[in-house]
Structures are given as C-alpha cells and as structure tokens.
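Counted the way UniProt numbering counts, the sequence shown spans residues 1 to 207. Yeah, the Cβ is synthetic: ideal placement off N, Cα and C, and Gly gets one too. Each remark here refers to the structure printed beneath this line.
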Amino acid sequence: AADEFSTLSRQKRATCSSAVCYNGGTCNNFTDSPPCLCPLPYIAPYCRVAADYCFTLQPDKGITELPVCQNDGNCTLTYADPYFNCSCLPGFYGLRCEHAEPIPEATTLPSDGGTSPNFSTETKSTEVVSTGVANLTTSGWHERMGVVLLISVSVGVPIAVVIIAAMAAAIVFAARYRNRQKTSRSGDRTRYVWEEGCESDFNSHAI
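This is the structure we're talking about:
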C-alpha cells in the first residue's frame, strides 16, 4: 500500500509539472481531476475562465433562485466577492435589488381645520395679500393701514420698517388732505367774489 501511494504521488507530481494553471490556480496533487485548483471566480480545468455568477446559484450567500438580480436589475460580473454587481432600477435597492423603497404618503390637510404642511400656510398668506390689495382700494384710511400691517407681518417685514412706512404714508395723506382743503376754500372765495360782483352789476342796471 505504501508503494502504491508513493507511485501515485510521483504520477501527480509529473502531471503537475506539465499542467499550466492560470489566474492564480495551483496544481491538484490530491485527486485525478481536475488538473488545477482555481480561486474564485475562475473555474477548472485550467482557471482560464471566470464563472458567470450572474447565472450561478450560491446557496452559501442565500442565492437559491435565478435571476440573481431581481426586479429587472442589470447584472455585471466582478472579480471580488460576491463576484457580481446588480444595478437596480429606480425604486429598488439591495445586493440583488430585492428590496422596494417605501412610497411616501401624500400629505393631506387635517379635517379639524388645524394647520398642516407648509404649502397650506403659504396659500393662506397669499389669500391675505389678495384681500389686502382689495381693501387698499375700497376701505378707509385706518382700514388700509391695518391691512398694510397685516400683510407686512404675514410676509415677515420688520415692524420698524412697517411703522416708518406707515408714518410716511400718513404724512403724505395729511399733506394731500390740506391741499384739498386749501383748494376748496380758495374755490369758495373766488365763487363768493364772483357772485358779489354779479349782484352789484345787477343792482346798478336796475337803478
């Protein structure tokens, strides 16, 4: 038996001396075949070719069914563990594109009339501005100033700027009001002088 083992070993060494193993493969001194022991992802007999792990089951990695890349993911071969790479379609992720991303829920306004997402707050601000523009053309002076203050606060204008603008507007309004009063009194004075002259002429003709 010892002689048989020695003879088999010599035969194996002779076979290895003539065998060429590629890509880091080593000669198989233990069995009759294959001639080379190959590192992954290369395969026997001479380790020249890499296995197609896009279509190869790997139970030790939990890959027990094909295709390797699920949900229409695109598979490419690599030379590092796990020897494949999956490019997932939008909405999927994972080593094999096996997971689906959660779909975000649509945000709705609460039924109790409370505030909700930012867009509802912006809509309310827009409504206030629109109403304010209408009031500026139809309401009295005090109402106008109140609307200006409301609009300014709603859009975040500093209160000091609002007060200065309100004072300037009040000065302009008062000046225009005085001008209208002066114009009105001047017109009344002119009309009175004209009427007095007409009455004097009438009396002189009557005499």
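What are the partner residues of Thr26, as DSSP defines its beta bridges?
-> In the sequence shown, the residue the question calls residue 26 occupies position 26. Bridge partners of Thr26: Leu37.
Could you check what DSSP says for Ala100 in three-state terms: helix, strand or coil?
-> The sequence position of residue 100 within the sequence shown is 100, counting from 1. In the structure shown, Ala100 sits in a strand (DSSP, three-state: E or B).
How many Å lie between Lys61 and Phe84 at the Cα?
-> Your numbering for residue 61 matches position 61 in the sequence shown. Your numbering for residue 84 matches position 84 in the sequence shown. About 12 angstroms.
To the nearest angstrom, report how far apart Ile103 and Cys54 are at their CA atoms.
-> Indexing the sequence shown from 1 puts residue 103 at position 103. Indexing the sequence shown from 1 puts residue 54 at position 54. Ile103 and Cys54 have their C-alpha atoms roughly 29 angstroms apart.
Identify every residue that forms a DSSP beta bridge with Val49.
-> Here the question's residue 49 lines up with position 49 in the sequence shown. Val49 has Ile43 as its beta-bridge partners, per DSSP.
Would you grab the beta carbon distance between Leu40 and Gly25 for me? Rounded to a whole angstrom, and I think it's under 8 angstroms.
-> Counting from 1 along the sequence shown, the entry for residue 40 is found at position 40. Counting from 1 along the sequence shown, the entry for residue 25 is found at position 25. Taking the Cβ atoms as the reference, Leu40 lies roughly 11 angstroms from Gly25, outside the contact range of under 8 angstroms.
Mind checking Tyr79: buried by the 16 CB within 10 Å criterion, or exposed?
-> By one-based count along the sequence shown, residue 79 stands at place 79. Its Cβ having fewer than 16 others within 10 Å, Tyr79 is exposed.
Report the three-state DSSP secondary structure of Cys21 (helix, strand or coil).
-> For the purposes of this step, residue 21 is taken as the residue at position 21 of the sequence shown. DSSP places Cys21 in coil when its eight states are reduced to three.
Near Asn71, which residues of its chain fall below 6 angstroms by C-beta distance, leaving aside the five closest residues on each side in sequence?
-> Along the sequence shown, one-based indexing puts residue 71 at 71. Non-local C-beta neighbours of Asn71 in its own chain, meaning closer than 6 angstroms and more than five positions away in sequence, comprise Phe92, Cys97, ordered along the chain.
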